[in-house]
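Q:
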Amino acid sequence: MEENIKGAFNKVKEDIEFLNGELLDIKTTMNDLHDIMKTLTNKLENQEKQASTDRQTLRQLNSTQNTTSTHNSTVPQEVGGLKPLNLPISIGNQGVSTDRQTDNQTDNSTHIPLVNASKTIDSNIREATEILDSLDSLKKEIRLKFKHLTTQEMLVFSTIYQLEEQGNREITYKLLSKSLKLSESSIRDYVQRMINKGVSIQKEKVNNKKLLLTISPNLKKIASLPTIIQLREL
9 MEENIKGAFN KVKEDIEFLN GELLDIKTTM NDLHDIMKTL TNKLENQEKQ
59 ASTDRQTLRQ LNSTQNTTST HNSTVPQEVG GLKPLNLPIS IGNQGVSTDR
109 QTDNQTDNST HIPLVNASKT IDSNIREATE ILDSLDSLKK EIRLKFKHLT
159 TQEMLVFSTI YQLEEQGNRE ITYKLLSKSL KLSESSIRDY VQRMINKGVS
209 IQKEKVNNKK LLLTISPNLK KIASLPTIIQ LREL
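Start counting the sequence shown at 9; every next residue gets the next number (this note's numbering).
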């Protein structure tokens with residue numbers, strides 16, 4: 009009788025903790041949505057500033073190209089005007105025209121690598137920015153998922169992670185039950201709740217009997233356990 013009362017009390021305690029966790033999830037989700045809206049607003053403002061800068065740069069480039077084009081078209085007219093005079097220096101003027109053309113070609117060929125270099129730098133910066141944004145988004149996703157875990161769920165997750173790091177390849181409900189002094193049914197409930205919340209815990213049945221638990225290798229590549237705990241506490 010006493011055991012039944014104690015079991016019922018523990019079950020009620022777990023349910024209360026679960027409800028508290030759900031309320032915390034709602035609050036965390038609202039805070040994260042606020043952060044996302046703020047981030048999107050900042051990105052839109054930065055994109056508008058960048059677009060304005062790009063438009064100004066294009067106007068300057070077009071202005072420079074128009075000036076260069078006008079200068080180049082003027083030179084042949086001046087040289088051509090000297091040819092009908094049949095003066096001894098006309099040959100020299102033709103030579104000067106060649107030099108000017110050579111100078112113009114040299115100037116143009118000099119500018120091309122600079123433009124290409126600028127594009128390469130801009131491309132690298134853009135790629136780096138995209139990678140950083142992707143990492144930032146990934147961190148927020150991990151933080152959001154693990155913020156939703158209750159204290160007991162996080163304890164079970166951490167234990168699975170630590171046992172794997174210690175080289176244990178057969179993590180079962182029974183092993184976790186012994187390690188955490190909790191019933192196997194409670195461990196099973198916590199694991200299923202975490203999976204439902206999007207936490208990457210994998211189940212593998214061996215010989216249709218033993219069920220093994222593992223943390224997704226992809227998650228372990230992205231974040232260590234201390235990193236996950238730190239993100240959860242932010």
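Positions of the beta carbon are idealized from the N, C-alpha and C atoms, including for glycine.
(1) Helix or strand or just coil, what does DSSP make of Gln174?
(2) If I'm right that Glu161 touches Met202 with Cβ under 8 angstroms, what's the distance once you round it to whole angstroms?
(3) Taking just the CA atoms, how far does Leu183 sit from Glu234?
(4) Pull up the CB-CB distance for Val207 and Leu221, whole angstroms please, since I reckon it's below 8 angstroms.
(5) Classify Leu93 as helix, strand or coil using the three-state DSSP reduction.
(6) Can you tell me whether DSSP reads Val20 as helix, strand or coil?
(7) Between Leu188 and Glu241, what straight-line distance do the alpha-carbon atoms span, to the nearest angstrom?
(8) For a test of the three-state rule: what should DSSP assign to Lys229, helix, strand or coil?
(9) Note down, in chain order, each residue of its chain lying with its Cβ closer than 8 angstroms to the Cβ of Thr114, except the 5 sequence neighbours on either side.
(10) What three-state label does DSSP hand Ile179 in the structure shown?
(11) Going straight from the alpha carbon of His156 to that of Ser224, what length do you get?
(12) Please report the straight-line C-alpha distance between Glu178 and Ser193, rounded to a whole angstrom.
(13) Checking the sheet assignment: what are the DSSP bridge partners for Gln210?
(14) DSSP three-state call for Leu157: helix, strand or coil?
(15) I'd like to know whether the C-beta atoms of Ile230 and Ile168 end up nearer to each other than 8 angstroms.
(16) Do the CB positions of Ile236 and Ile150 come within less than 8 angstroms of each other?
(17) On the criterion of 16 or more Cβ atoms from any shown chain inside 10 Å, does Thr158 qualify as buried, or is it exposed?
(18) Would you mind stating whether Leu239 and Phe154 have Cβ atoms separated by less than 8 angstroms?
(19) Apart from the five residues just before and just after Lys211, which ones in its own chain have a Cβ nearer than 7 angstroms to its Cβ?
(20) Take the Cβ of Leu146 as the centre, count every other Cβ of all protein chains shown within 10 Å, and call the residue buried at 16 or more, exposed below.
(21) For Asn215, report the span of its alpha helix (DSSP H) as first-last.
(22) Using the beta-carbon count (16 or more within 10 Å), is Val164 buried or exposed?
(23) Note the first and the last residue of the continuous alpha helix (DSSP H) segment covering Ser194.
A: Short version:
(1) The sequence position of residue 174 within the sequence shown is 166, counting from 1. Under the three-state reduction of DSSP output, Gln174 falls in the coil class, being neither helix nor strand.
(2) Counting from 1 along the sequence shown, the entry for residue 161 is found at position 153. Counting from 1 along the sequence shown, the entry for residue 202 is found at position 194. Met202 and Glu161 do touch by the CB rule: their CB atoms are close to 5 angstroms apart, below 8 angstroms.
(3) Sequence index remark: in the sequence shown, residue 234 carries index 226 (1-based). Sequence index remark: in the sequence shown, residue 183 carries index 175 (1-based). The sequence given here has Pro at residue 234, not Glu. For Pro234 and Leu183, the distance between alpha carbons rounds to 23 angstroms.
(4) The residue you call residue 207 lines up with position 199 of the sequence shown. The residue you call residue 221 lines up with position 213 of the sequence shown. About 12 angstroms; that fails the 8 angstroms criterion.
(5) Residue numbering aside, residue 93 sits at position 85 when the sequence shown is read from its first letter. Because Leu93 sits at a pLDDT of 40, beneath the cut-off of 50, its placement in the model cannot be relied upon, and the following sentence gives the value as read from the coordinates. Helix at Leu93.
(6) If you number the sequence shown from 1, residue 20 lands on position 12. DSSP, read as helix, strand or coil, puts Val20 in helix.
(7) In the sequence shown, residue 188 corresponds to position 180, counting from 1. In the sequence shown, residue 241 corresponds to position 233, counting from 1. For Leu188 and Glu241, the distance between alpha carbons rounds to 22 angstroms.
(8) For the purposes of this step, residue 229 is taken as the residue at position 221 of the sequence shown. Here Lys229 sits in helix by DSSP.
(9) Indexing the sequence shown from 1 puts residue 114 at position 106. Because the pLDDT at Thr114 is just 48, under 50, the model does not fix this residue reliably, and the value given afterwards should be weighed accordingly. Counting only Cβ-Cβ distances below 8 angstroms, and skipping sequence neighbours, we find nothing.
(10) In the sequence shown, residue 179 corresponds to position 171, counting from 1. Ile179: coil per DSSP, three-state reduction.
(11) The residue labelled residue 156 in the question sits at position 148 within the sequence shown. The residue labelled residue 224 in the question sits at position 216 within the sequence shown. About 18 angstroms.
(12) As a working mapping, residue 178 is identified with position 170 in the sequence shown. As a working mapping, residue 193 is identified with position 185 in the sequence shown. So the alpha carbons of these two residues sit roughly 18 angstroms apart.
(13) Taking the sequence shown and counting its residues from 1, the one referred to as residue 210 is at position 202. Beta-bridge pairing links Gln210 to Thr222.
(14) Counting from one through the sequence shown, the residue named residue 157 turns up at place 149. Here Leu157 sits in coil by DSSP.
(15) The count along the sequence shown starts at 1 and reaches residue 230 at position 222. The count along the sequence shown starts at 1 and reaches residue 168 at position 160. No; because the gap between Cβ atoms is not below 8 angstroms, this pair is not in contact.
(16) One-based indexing of the sequence shown puts residue 236 at position 228. One-based indexing of the sequence shown puts residue 150 at position 142. Yes.
(17) Locating residue 158 in the sequence shown gives position 150, counting from the first residue. Buried, since its Cβ has 16 or more Cβ neighbours within 10 Å.
(18) Counted from its first residue, the sequence shown places residue 239 at position 231. Counted from its first residue, the sequence shown places residue 154 at position 146. Their beta carbons are under 8 angstroms apart, which means Leu239 touches Phe154 by this criterion.
(19) Within the sequence shown, the letter at position 203 stands for residue 211. Non-local C-beta neighbours of Lys211 in its own chain, meaning closer than 7 angstroms and more than five positions away in sequence, comprise Leu219 and Leu221, ordered along the chain.
(20) Position 138 of the sequence shown, counting from 1, holds the residue named residue 146. The residue is exposed, with fewer than 16 neighbouring Cβ atoms inside 10 Å.
(21) Position 207 of the sequence shown, counted from the first residue, corresponds to residue 215. First-last for Asn215: undefined, no H or E at that position.
(22) In the sequence shown, residue 164 corresponds to position 156, counting from 1. By the 10 Å Cβ count, Val164 comes out buried.
(23) For the purposes of this step, residue 194 is identified with residue 186 of the sequence shown, where counting begins at 1. Per DSSP, Ser194 is one residue of the alpha helix (DSSP H) stretching across Glu192 to Asn204.
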